[in-house]
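One structure is given here, and the rest of the page talks about it.
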Ligand SMILES: Cc1cc2nc3c(=O)[nH]c(=O)nc-3n(C[C@H](O)[C@H](O)[C@H](O)COP(=O)(O)OP(=O)(O)OC[C@H]3O[C@@H](n4cnc5c(N)ncnc54)[C@H](O)[C@@H]3O)c2cc1C
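Okay, structure coming up:
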């Protein structure tokens with residue numbers, strides 16, 4: 004193993020893993036991902052099925068078990084804030100649902116100064132590129148079967 008890297012990514016969650024994948028597509032780049040949680044064990048069926056979320060949330064083996072500050076709108080109660088504690092991050096703790104953001108949200112952001120590249124037409128190609136949808140049509144993902 005080398006002790007020299009071009010990129011060091013802290014956290015192998017959703018964003019860190021996607022970034023590492025993209026960066027390491029170039030074999031000339033050396034990428035190190037540092038994940039503080041446990042490995043993504045292949046034997047762990049709770050990570051592989053959508054209903055597994057019912058058994059993993061709030062369990063320190065999987066979840067950082069963060070809590071909010073006392074919330075004034077909840078009469079001072081603290082909320083549980085689940086966060087994945089493993090390679091794959093919170094994507095490994097989630098409900099296995101996928102949904103694009105609301106186009107109007109992107110249009111709202113794009114209207115802000117310096118944010119013109121965040122319009123829905125700008126982000127749509129990126130949604131399509133990461134999707135493998137069974138539906139086709141104008142909005143279907145790139146991996147349409
Ligand atoms: C219960 C729940 C269900 C969800 N369901 C869905 C869903 O169905 N569909 C959907 O699209 N989204 C869902 N989400 C949201 C989605 O999971 C998150 O938005 C996404 O995973 C956030 O990605 P991230 O890379 O920012 O953070 P994370 O994926 O949380 O990654 C952060 C990583 O950094 C690691 N880390 C933290 N501190 C350190 C440190 N000091 N050093 C090294 N590593 C560190 C953590 O262990 C973790 O692996 C859900 C979220 C929750 C909480």
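Residue numbers (our numbering): 4 to 148.
We put the CB at the ideal spot given by N, CA and C, even for glycine.
Exercise. Using the rule of at least 16 other Cβ atoms within 10 Å of the residue's Cβ for burial, across every protein chain shown, is residue 76 buried or exposed?
Worked result: Here residue 76 refers to the residue found at position 73 when the chain shown is read from its first residue. Exposed, by the Cβ-count rule.
For this session: Please classify residue 50: does DSSP put it in a helix, a strand, or coil?
Result: In the chain shown, residue 50 corresponds to position 47, counting from 1. Looking at residue 50 - three-state DSSP - the assignment turns out to be helix.
Exercise. If you draw a straight line from the alpha carbon of residue 31 to that of residue 9, how long is it in whole angstroms?
Worked result: Translated into the one-based positions of the chain shown, residue 31 becomes position 28. Translated into the one-based positions of the chain shown, residue 9 becomes position 6. Cα-Cα distance, rounded: 9 angstroms.
Exercise. So who's on the other strand from residue 99, going by DSSP bridges?
Worked result: Taking the first residue of the chain shown as 1, we reach residue 99 at position 96. Residue 99 is not bridged to any residue.
For this session: Please report how far the alpha carbon of residue 148 lies from the alpha carbon of residue 99, in whole angstroms.
Result: Looking up residue 148 in the chain shown gives position 145. Looking up residue 99 in the chain shown gives position 96. Low local confidence applies: a pLDDT of 37 at residue 148 is under 50, so the model's placement there is unreliable, with the coordinate-based value given in what follows. Each residue's Cα considered, the two are about 20 angstroms apart.
Exercise. Roughly how many angstroms lie between the CA atoms of residue 27 and residue 96, to the nearest whole one?
Worked result: Start at 1 with the first residue of the chain shown, and residue 27 comes out as number 24. Start at 1 with the first residue of the chain shown, and residue 96 comes out as number 93. Approximately 25 angstroms, taken between the alpha carbons.
Exercise. Are there three or more Cβ pairs, one per stretch, closer than 8 angstroms when the region 80-88 is compared with the region 52-72?
Worked result: yes
Exercise. Is residue 89 helix, strand or coil by DSSP?
Worked result: The residue labelled residue 89 in the question sits at position 86 within the chain shown. Strand at residue 89.
Exercise. Using the beta-carbon count (16 or more within 10 Å), is residue 90 buried or exposed?
Worked result: Within the chain shown, numbered from 1, the residue matching residue 90 stands at position 87. By the 10 Å Cβ count, residue 90 comes out buried.
For this session: State yes or no: is the C-beta of residue 71 within less than 7 angstroms of the C-beta of residue 78?
Result: Translated into the one-based positions of the chain shown, residue 71 becomes position 68. Translated into the one-based positions of the chain shown, residue 78 becomes position 75. No, the pair does not count as a contact, with Cβ atoms beyond the cut-off.
Exercise. Whose C-beta lies closer than 7 angstroms to the C-beta of residue 18 among residues of the same chain, with five residues either side of it excluded?
Worked result: Numbered from 1 along the chain shown, position 15 holds the residue referred to as residue 18. Contacts found: none.
Problem set entry | Same chain only: Cβ atoms within 6 angstroms of residue 125, ignoring 5 sequence neighbours per side | Taking the first residue of the chain shown as position 1, residue 125 is located at position 122. So the list is empty, once near-sequence residues are dropped.
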